[in-house]
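Residue numbers for the sequence shown follow UniProt numbering, so the first one is 1 and each next one is one higher.
From the three backbone atoms N, C-alpha and C, an ideal C-beta is built for every residue, glycine too.
In this text, all values refer to a predicted model and were calculated from it rather than measured experimentally.
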Amino acid sequence: MVTSLLIRTLVPDDAPQLTELVNGYRAALSESPTPSVMVEAVALDMIANATGDQIILLGAEAHGRLAGFAHAFDLPEIISGSRAGQLDDLFVSANARGAGVARALIARLAEIGASRNWTHLRWLVPQGNSAARQLYLKIAEQAPWDSFRMDLSAKTTLNRAGFAGGSNS
1 MVTSLLIRTL
11 VPDDAPQLTE
21 LVNGYRAALS
31 ESPTPSVMVE
41 AVALDMIANA
51 TGDQIILLGA
61 EAHGRLAGFA
71 HAFDLPEIIS
81 GSRAGQLDDL
91 FVSANARGAG
101 VARALIARLA
111 EIGASRNWTH
121 LRWLVPQGNS
131 AARQLYLKIA
141 EQAPWDSFRM
151 DLSAKTTLNR
161 AGFAGGSNS
């Protein structure tokens with residue numbers, strides 16, 4: 001059980017623990033029975049690119065170990081002409097779930113957003129994650145949008161999707 005949390009920006013020394021968390025996240029969300037494994041160099045790159053201006057990478061530390069992370073973006077919000085936050089990835093280790101880690105990470109992002117005058121903070125939730133959905137319905141409103149994804153990993157994807165031949169905008 002997590003008793004005290006420190007929500008902070010991740011630093012290069014966090015790369016080994018971030019690697020463990022991201023690999024757990026990948027395993028939990030992968031549609032493949034054997035998801036690719038992230039190496040520490042990629043975690044270092046994530047940390048280096050998260051300058052805090054447009055890319056935010058927070059960690060939740062409990063008892064000297066990372067218990068979760070949040071990866072978010074500060075983006076232009078076209079409709080309002082202002083800015084908004086996009087929480088892209090949120091993961092809590094299995095042994096820290098139910099202890100307020102996700103809530104604390106989101107609360108810190110909300111504080112960052114309020115200080116930057118974001119119009120809102122938005123995020124997507126996997127359909128099967130009922131525990132996360134229960135939390136999110138307590139702290140936020142469900143957005144009136146559906147989510148879509150186009151797989152760009154296969155060379156034939158664009159042909160199958162009706163985009164064959166050319167790069168029309």
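{"query": "Please classify I78 as buried or exposed, where buried requires at least 16 other C-beta atoms within 10 Å of its C-beta.", "result": "exposed"}
{"query": "Considering only the alpha carbon of each residue, which of H120, R133 and G85 lies closest to G52?", "result": "G85"}
{"query": "Since I believe L109 is in contact with L121 (beta carbons under 8 Å), could you give me their beta-carbon distance rounded to a whole number of angstroms?", "result": "6 Å"}
{"query": "Within its chain, find whatever has a CB closer than 8 Å to the CB of L135; leave out the 5 residues flanking it on each side and keep chain order.", "result": "A102 and R103"}
{"query": "D13: buried (16+ other C-beta within 10 angstroms of its C-beta) or exposed?", "result": "exposed"}
{"query": "Less than 8 Å between the CB atoms is what I'm expecting for A72 and I56, so what's the real figure, rounded?", "result": "4 Å"}
{"query": "Considering only the beta carbon of each residue, do F91 and L21 sit closer than 7 Å?", "result": "yes"}
{"query": "Quick one: what's got a C-beta closer than 8 Å to P126's C-beta in the same chain, skipping five residues either side?", "result": "L29 and A132"}
{"query": "Answer yes or no: do R83 and D74 have a C-beta to C-beta separation smaller than 7 Å?", "result": "yes"}
{"query": "What span of residues does the beta strand (DSSP E) with V92 cover, start to end?", "result": "S82 to V92"}
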